[in-house]
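J.: Sharing a structure here in structure tokens format.
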Amino acid sequence: MIRNLILIIALNVLLLSANLDMKIKDLLGNSDYNTHKNLITHIFSNEDNFYTNNQIDYTKIIQELSNNGVLKLNFPSTQNVTITFNVNKYPKKSSKNLTDILKALGQHNFVIKEEIVVNNNLKWTIQVKTAAAISPLRLSQELQSINCRIVDIKREGDYSWSYSIDTSNSSIYRAEDLINNKQLSLKNTLKPYMIKISNAKVITIKSASGNIWYPNVVFYDEALNIIGIYDENSLHKSLRLEVPNNTKYIKIDDLYTLANMKQGINITKE
């Protein structure tokens, strides 16, 4: 019995090691993997350190590869780089999150080449002209900040990447937190305010001193489907609104220009 158990454990360790090795090769590409094979073997000699809950932790892997100078992201010249994101849930929310994360990483001028939704799964392919690939480490860190997890990365040629991402528990990137706070005081912004909220019946929105705005408030469910809209073509200093059932996110905007909200707003939930 004990002998069989030891054999099973040994087989599992071998499988984990082979799986990790394969994923590193997918990440680096055959050429770089073969060039640095001895160093890679040394870096990842303790495979257990690179698993979380028996799943490969790409953030840890990429961090080690980056720290040891193995992961090369710069190109000899500017290239058209293709990146495909495959996500398993919440297509609308995921495409918004990916767009906002890419912009936060300095990629503002990418072109969407393909966007396909099948059974709530999203395939989203972009092309960007750049002299360096998007950092998988920074991308994975930003995805982690909204409870998303990279489950697979493949380098499909010198200028093509593919990411598979688990978005089952995702939230909106850089959304303000009105779940754990009863009140928020938000400063000037260059884009509409996005608020995450739960179990609220009413919200009150007050302009900071010096503001007066034309309200445009949109309520969304968990999947970022619109479940309510309030807009008003008249100026307001404050507003009290009922929150529709199942609201998870609220966007607060001005009908015409965010300059009308330049001093910020205060939000209170009831």
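UniProt numbering puts the sequence shown at residues 1 to 270.
Note that beta-carbon positions come from the ideal geometry of N, C-alpha and C, so glycine has one too.
(1) For the structure I just gave you, are there three or more beta carbon pairs, one from the stretch 108-124 and one from the stretch 135-153, closer than 8 Å?
(2) So within the stretch 136-165, which uninterrupted alpha helix (DSSP H) runs reach at least 4 residues, ignoring any that extend past its ends?
(3) Going by C-alpha to C-alpha distance, which of Ser77, Phe44 and Gln55 sits closest to Glu64?
(4) DSSP puts Val218 in a beta bridge; with which residues?
(5) Hey, which unbroken runs of the beta strand (DSSP E) at 3 residues or more fall wholly within the stretch 74-123?
(6) Starting from the Cα of Val217, find the closest Cα among Gly210, Ala208, Ser209 and Asp231 and give me that residue.
(7) Can you check DSSP and say which residues form a bridge with Arg174?
(8) List the DSSP bridge partners of Ile126.
(9) Who does Gln263 pair with in a DSSP beta bridge?
(10) I need the DSSP call for Glu270, collapsed to helix, strand or coil.
(11) Could you check if Glu142 is buried or exposed, using at least 16 other CB atoms within 10 Å of its CB as the buried criterion?
(12) In the DSSP output, what is Glu242 paired with across the bridge?
(13) So, at 6 Å on beta carbons, what are the nonlocal neighbours of Asn121 in its own chain, with the 5 sequence-adjacent residues on each side left out?
(14) Based on Cα-Cα distance, which residue from Ile226, Ile146 and Ser77 lies nearest to Ala132?
(15) Can you grab the Cα-Cα spacing for the pair Ile252 / Leu239, in whole Å?
(16) When DSSP labels each residue in this structure, what does Ile179 get in the three-state scheme?
T.: With the structure as the only source:
(1) no
(2) 136-144
(3) Counted from its first residue, the sequence shown places residue 64 at position 64. Checking every option, the nearest Cα to that of Glu64 belongs to Phe44.
(4) For the purposes of this step, residue 218 is taken as residue 218 along the sequence shown, with counting starting at 1. For Val218, which the question treats as bridged, DSSP gives the partners Ile229 and Lys251.
(5) 74-87 and 111-118
(6) Taking the sequence shown and counting its residues from 1, one reaches residue 217 at position 217. Nearest of Gly210, Ala208, Ser209 and Asp231 to Val217, Cα basis: Asp231.
(7) What you label residue 174 is simply residue 174 of the sequence shown in a count that begins at 1. Paired residue(s): none; Arg174 is not in a bridge.
(8) Reading the sequence shown from its first residue, position 126 is the one you call residue 126. Answer is Ile83 and Ile112, bridged to Ile126.
(9) For the purposes of this step, residue 263 is taken as the residue at position 263 of the sequence shown. BP columns for Gln263 are empty, so no partner.
(10) One-based indexing of the sequence shown puts residue 270 at position 270. Coil.
(11) Stepping through the sequence shown from its first residue, residue 142 is reached at position 142. It counts as buried.
(12) Taking the sequence shown and counting its residues from 1, the one referred to as residue 242 is at position 242. Paired residue(s): Val202.
(13) In the sequence shown, counting from the first residue as 1, residue 121 sits at position 121. Only Asn88 meet the Cβ criterion.
(14) If you number the sequence shown from 1, residue 132 lands on position 132. Among Ile226, Ile146 and Ser77, the Cα nearest to that of Ala132 is on Ser77.
(15) For the purposes of this step, residue 252 is identified with residue 252 of the sequence shown, where counting begins at 1. For the purposes of this step, residue 239 is identified with residue 239 of the sequence shown, where counting begins at 1. Looking at the two C-alpha atoms, the distance is approximately 11 Å.
(16) The residue given as residue 179 occupies position 179 in the sequence shown. Coil.
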